[in-house]
Structure formats: C-alpha cells, structure tokens
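A.B. asks: Just so we're aligned: 59 in the working numbering is position 45 of the sequence shown, and the numbers increase by one with no gaps anywhere.
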Amino acid sequence: MTINYCRFEQYADFSKFFKAILFLGIALFYSCTNNLETVNAIVNLSNKPVIYAKEVEIVRTDSGEIVLKGYAKESSYYKNKDAPYLEFNKGFKVETFVNYPIVESSITADYAKHFENKKMWIAKTNVIAQNLKGEMLNTELLYWDENKHIIYSDKF
C-alpha cells in the first residue's frame, strides 16, 4: 500500500507563480493605453511623404521629345487620396522647351508644389519666371496652370 502525501510547498510555489502571472497581466493591460491622436498620426499616411528624394532631375517627354526638365535639391511626394502632390521644400528650377535644347521658359523658386491631378504648380518666395523673348517676372507667389498654358500671380 502506497500513501501519497500532499505537499503544501508545491501548491505554495504554484500559487506564487500564478499571482505573479496575474499581476503582470493586469499591469500590461492597464499600461498599454493608446492615445487616439498618436495612433491616427502614425496610421494616417496622407501627411507623410511616400517618396522622398534628394538631388532630383525630372524629365518629361512628348512623342520622344523633351518638353520639360525640372531640378530640385529635395522633393517629397504625398499620395493624398483626393489631391496627390509633389513638394519641393528647398527650391526648384523648371525649364520648358520648344525644340530641345532651346529653352522656351524657365521658373525658379525657393519653394514649389505641384498638384498632380489638377496639373497646377504653385511657386513661392523669390520666384523668377523668364520666357524665350527675355521677358522676366519677379514675384513672391506664382501659379502655373499646365492645362491652360498660363502663369499668373496676384502678389508682386
């Protein structure tokens, strides 16, 4: 006949282990709170660039002919659902061509933004626009509508 004795030491160790796990679980549950604004800022990609580049050169062609060249120290592309845009925070230069390499017009500025869907450019701060005739426009704000082929400004 075998007699099994119950040892209270085994249950005491298990009880301590169970209490420790329970304490850690409760501590983790209450310490992991999320600030909704922080979570939205991390998840919301519309206010963060999806593409960032330095020393950028953009070339646009039509039927194999170069019609536009752009240069920038830095560019950021934002894939905004409603209005994706390309931003040039450290200035840019754009040249358009009648017959490459003859420059038809050029625009330089300290800041620029290009709205992809609207085909609209906004250039700010130290903007200089020049055409083939040598006419020059100096302004602090310039709009360039690619669809209508016009540039305009309401600030000089």
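Idealized CB from N, CA, C, for every residue including glycine.
Mind checking which residues open and close the beta strand (DSSP E) that includes aspartate 168?
C.D. replies: Here the question's residue 168 lines up with position 154 in the sequence shown. Per DSSP, aspartate 168 belongs to the beta strand (DSSP E) from 164-169.
A.B. asks: Taking only heavy atoms of the ligand ATP into account, decide whether any of them is closer than 6 Å to the Cβ of aspartate 96.
C.D. replies: By its list of ligands, the structure shown contains no ligand whatsoever, and the ligand ATP lies outside what it can speak to.
A.B. asks: In terms of DSSP beta bridges, what is alanine 123 paired with?
C.D. replies: On the sequence shown, residue 123 is found 109 positions in, with the first residue counted as 1. Alanine 123 pairs with Phe106.
A.B. asks: For the candidate residues Pro115, Glu118, Val108, Asp96, whose alpha-carbon lies nearest to that of isoleucine 136?
C.D. replies: As a working mapping, residue 136 is identified with position 122 in the sequence shown. The candidate whose alpha carbon is nearest that of isoleucine 136 is Val108.
A.B. asks: CA-CA distance, phenylalanine 37 and lysine 62?
C.D. replies: Against the sequence shown, residue 37 aligns to sequence position 23. Against the sequence shown, residue 62 aligns to sequence position 48. Their Cα atoms are separated by approximately 39 Å.
A.B. asks: According to DSSP, what are the bridge partners of isoleucine 80?
C.D. replies: Position 66 of the sequence shown, counted from the first residue, corresponds to residue 80. Paired residue(s): Thr75.
A.B. asks: Look at glycine 84 and isoleucine 65 and say whether their C-beta atoms are less than 7 Å apart.
C.D. replies: Stepping through the sequence shown from its first residue, residue 84 is reached at position 70. Stepping through the sequence shown from its first residue, residue 65 is reached at position 51. For glycine 84 and isoleucine 65, no; Cβs fall outside 7 Å.
A.B. asks: Compute the distance between the beta-carbons of threonine 139 and tyrosine 125, then report whether it is under 7 Å.
C.D. replies: Locating residue 139 in the sequence shown gives position 125, counting from the first residue. Locating residue 125 in the sequence shown gives position 111, counting from the first residue. Contact flag set, yes.
A.B. asks: Between His163, Ala34, Lys33, Ile121, which has its C-alpha nearest leucine 155's C-alpha?
C.D. replies: Residue mapping note: residue 155 aligns to position 141 of the sequence shown, counting from 1. Answer by Cα proximity: Ile121.
A.B. asks: If we ignore side chains and look at the alpha-carbon of each, how far apart do glycine 39 and asparagine 94 end up?
C.D. replies: Counted from its first residue, the sequence shown places residue 39 at position 25. Counted from its first residue, the sequence shown places residue 94 at position 80. Roughly 40 Å separates the two Cα atoms.
A.B. asks: Mapping DSSP to helix, strand and coil, what is lysine 138?
C.D. replies: Within the sequence shown, residue 138 is the residue found at index 124, counting from 1. Strand at lysine 138.
A.B. asks: Strictly by DSSP, which residues pair up with isoleucine 116?
C.D. replies: Here residue 116 is taken as the residue at index 102 of the sequence shown, counted from 1. Beta-bridge pairing links isoleucine 116 to Asn113.
A.B. asks: Could you check where the beta strand (DSSP E) with aspartate 159 kicks off and where it finishes?
C.D. replies: For the purposes of this step, residue 159 is identified with residue 145 of the sequence shown, where counting begins at 1. Here the beta strand (DSSP E) through aspartate 159 covers 150-159.
A.B. asks: What would DSSP say about asparagine 61, mapped onto helix, strand or coil?
C.D. replies: For the purposes of this step, residue 61 is taken as residue 47 along the sequence shown, with counting starting at 1. Asparagine 61: helix per DSSP, three-state reduction.
A.B. asks: Is the beta carbon of phenylalanine 129 less than 7 Å from the beta carbon of tyrosine 91?
C.D. replies: Residue numbering aside, residue 129 sits at position 115 when the sequence shown is read from its first letter. Residue numbering aside, residue 91 sits at position 77 when the sequence shown is read from its first letter. Cβ atoms of phenylalanine 129 and tyrosine 91: not closer than 7 Å.
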